[in-house]
Amino acid sequence: MTQHAKTRPSAGPRFAARIATALATLVALGAAAQGADRITITGRTLAPGAVAGFGDHAAARTPLQAISVGQGLLLDQGVDRLAGLTRLDASIGDAYNAEGYWSMLSVRGYTLDNRFNYRRDGLPINAETALALDNKERIEVLEGTSGIQAGTSAPGALVNLVVKRPAGRLRHALLQWREPGSLLAALDLGERLGRDGEFGLRVNLAAERLDPMARDTRGRRSLAALALDWKAAPATLLQFEIERSVQRQPSVVGYSMLGDQVPAAAQLDPRHNLNAQPWRQDVVLAGSTASLRWQQRLAPDWRFSVHALRQQLASDDRTAFPYGVYDAATYACPQWCDRFAPDGSFTYWQFVSDGERRRSDALQAQLAGRLAAGALAHEIEAGVLRSGYRARFGDQLFDIAGTGNIRGTLDTPPASGPPDAGTDRDEHSTEWFVRDAMRLGEDWQLWAGLRHTRLERRSVRTRPDADGSLQASAYTRNATTPWLALALQLAPRTMLYASWGRGLEADVAPSLPRYANAGASLALTSRQYEIGVKHGDEAVEAALTLFDIDRGVAADLGRCDGPASCRRVADGSERHRGVEAAWQGRQGAWGWRASAMWLEARRRGSVQPGVEGQRPTNVPAATLRLAGEYRPAALPGLALHALWTAESDRVVLPYDQGVRIPGWSRIDFGAQWRTEWSATAFTWRIGVDNALDRRAWKESPYQFGHVYLYPLAPRTWRASVAAAF
């Protein structure tokens, strides 16, 4: 079936108008906030420069955009997994977020790579698992290209999980319920020991029965975490932490197009799970992580640190996977290969990959300090990061089980085909970096950074293919990624800045017979320009950013249906130009938090038919988050919350702009009441998500060469009580 892209009017004038509107809005909001009461603002707080590797500068004095979300806001909004971050900021979106599986996010329209875009206290970790948030102090999102913070990563953002550390005597308990039957119990305990409190201890425990709104997804998860520290001397701090988490739960698979039509979301039950076959099994995601950090102050302005981490993941990935309409005997697909048939039927494939093992190791040494050279004042950080990634897989089953339909009325037997070999992967990288924040007088500052990466990757099949080959591949690559910014302090809490940076991703043609260039490595570079203005004080925080990111794209070209019929090559780029605006503040009993993003995303330089100039799939052109809070003076301790989320339409097919899911909006409500009884402080929370029970397609990922559609979750109630004693 051939489909043709439809011509759309130029977005240039509209894009410029949006920029002007955003500028005017920011100025107006900033002026209105000048009369607000001066209080400490929580919520969408711009993170300190440490998340970007530029020391402990105040948020209003760093030339970048970063978001820091603490535990309090996560609890208020009912966020219990990384996928929930999409509710808190307009720049963060869904990118194939399935219940029961690991979270996948996009930032500024780019899907983050779960292998390379995530950090734990600044060190690289693998996010191909269910990352527990119970023992995390906050989540930081550094927006934009990240070549100065990471050797290889997708543009868009880095996500950093900050672990809870010992903080004195602490006794917190949490009991949380979510409709229809999820129940969480958690403890957070801390203490300082020793004559002078030199030893610190913090323990986090959590156990949850999982019973979400989607049917046939009952499961359970648990977490145990320990953090210790020792102030060995006034200038010496040793920190250790270890965590173990396990989640067992069936996953939810997506709907799809029905022939040439996008089905109306209102006609389908959002609680129905197409994974509900008699032979479906739980997805098991288990992980253990430990880290050790030594921090030494060498002089009043100089410090040295060594930080080591190991993460070990064990996964059993299993699902009943709807994929196209194929003949079970010949595996032929006459027509509907990337979607369901018009009558709602599709082919069930059974996927089983038991015993997946992934290990990540990291060791970083860093020196940071201040010095003066003539009229220039420098704040310098330099260091080296050595990291390794190892993935081991057993045999994997991916075979046709039978025919299903969107009504869930057909049961199939499990697949009978033989399993196939997996592919083991190893990666090692050494990254040297230096960063310098130079003060040029009272108001000007120059920021510069450079990172040199030596990357080694290799892969091999777990057992020989039919031709006796292990399809091994290996390559080594060296790359240097720079970053530069110039900032002007317009006022003590207001800064204007411009920045430029580059990033790197590495791709390789799979070592399979159909690739004529099997094993060939591809270096996909990205570059970003950004201009922004930021303001932050005790009463208001505001930011306006214009960004332009261009990212190289790899694609398979050719028939790809026989030996040597396909080539994996660089195929142009994906350019995202956009405007972000964010504001939060409080006046009297009212508090507000708002963010918006307007995005023009286009494919450039592609040789694929119908792709050039198209908006990428699953990327909305406009998003909005608006949150309000009211604290009535007559009822001390009570806070009422509301959150409005809105997104524009998303493209479904990479080669046809006319096929889209409509835009949608939803509203959530919540309430919080703080009280005290018998020396115990209680925080009671109740909330309802999607209060109006809207029906819509939330996202449209084009994954694995197939269209998938995920609906908004139906109206869901939640309640919790937290006690501090």
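With our numbering, the residue at position 668 of the sequence shown is 769, and numbering never jumps. Idealized CB from N, CA, C, for every residue including glycine.
Same chain only: Cβ atoms within 6 Å of residue i, ignoring 5 sequence neighbours per side
i    : result
G503 : Y449, T513
R216 : N227
A325 : L306, R345
L591 : L597
A148 : No answer about A148 holds up, because its pLDDT of 44 lies below 50 and its placement is not dependable.
W380 : P515
A463 : L224, P225, L410, S488
R540 : A478, Q546
W548 : P164, A538, A586
A366 : R796, A797, W798, P812
Contact under 8 Å by Cβ, residue i with residue j
i    : j    : result
W203 : A231 : yes
N719 : R751 : yes
M596 : A588 : yes
L294 : A286 : no
F441 : F499 : no
D190 : G771 : no
F534 : R552 : yes
R767 : R796 : no
T724 : A697 : yes
T746 : R404 : no
E828 : A567 : Any question about residue 828 goes unanswered here, given that the chain covers just 102 to 826.
V263 : D222 : yes
G301 : P351 : no
V385 : V753 : no
Nearest to residue i (by Cα), restricted to the options the options
i    : options                : result
Q348 : Q172, G201, R669, T746 : G201
L472 : L498, A400, S488, V485 : A400
E681 : G692, L700, R220       : L700
D649 : G171, S600, L477       : S600
D521 : L613, Y490, G301, G425 : L613
L511 : P313, L259, H742, L375 : L375
A334 : Q362, Q396, G291       : Q396
R705 : P717, R694, G425       : P717
E309 : V708, W278, L302       : W278
A255 : V208, A233, L234       : V208
P737 : T776, L359, Q368       : T776
Y803 : G425, N218, T817, A268 : G425
G456 : A268, D418, G470       : D418
Y756 : D439, R669, G764, V304 : D439
R459 : A492, A466, A430, S446 : A492
Y576 : E528, Q368, S627       : E528
G714 : P721, Y630, H636, R703 : R703
T581 : L259, G569, L625, A617 : L625
L477 : G173, G542, T187       : G542
S839 : I501, R220, K799, N506 : Because the chain in this structure spans residues 102 to 826, residue 839 falls outside the shown range and cannot be described.
P519 : V263, D361, D496, G171 : D496
Outcome for residue i when other beta-carbon atoms lying within 10 angstroms are tallied against a minimum of 16
i    : result
S530 : buried
N579 : exposed
G475 : exposed
T784 : buried
T781 : exposed
R564 : exposed
G388 : buried
V708 : exposed
F826 : exposed
Y490 : buried
S192 : buried
G136 : Summary for G136: the model assigns pLDDT 36, below 50, so the residue's position carries little reliability, and this model does not support an answer.
D235 : buried
V485 : exposed
W778 : exposed
A665 : exposed
Y197 : buried
Beta-carbon contacts of residue i that lie in its chain and below 8 Å, excluding the five residues immediately before and after
i    : result
D138 : With a pLDDT of 32 at D138, under the threshold of 50, the modelled position of this residue cannot be trusted, and the question is left open.
L793 : R767, I768, R816
A619 : Q572, S574, A610, P611, S612, L613
R628 : T246, W601, G602, R603, G604, I650, D651
E280 : M314, T817, W818, R819
Beta-carbon proximity list for residue i, same chain, < 7 Å, skipping 5 on both sides
i    : result
A133 : Bear in mind that a pLDDT of 38 at A133, under 50, signals an unreliable position, so the number given afterwards is only what the model happens to contain. Cβ neighbours of A133 beyond the five flanking positions: none.
E93  : Past the boundaries of the shown model lies residue 93; the chain is included only from 102 to 826, so the question cannot be answered.
L468 : F405, A483, G484
H373 : R316, G509
### Query
Are the stretch 401 to 417 and the stretch 352 to 359 touching, with three or more C-beta to C-beta distances below 8 Å?
no
### Task
Answer yes if the stretch 248 to 261 comes into contact with the stretch 596 to 606, meaning at least three C-beta pairs across the two stretches below 8 Å, and no otherwise.
yes
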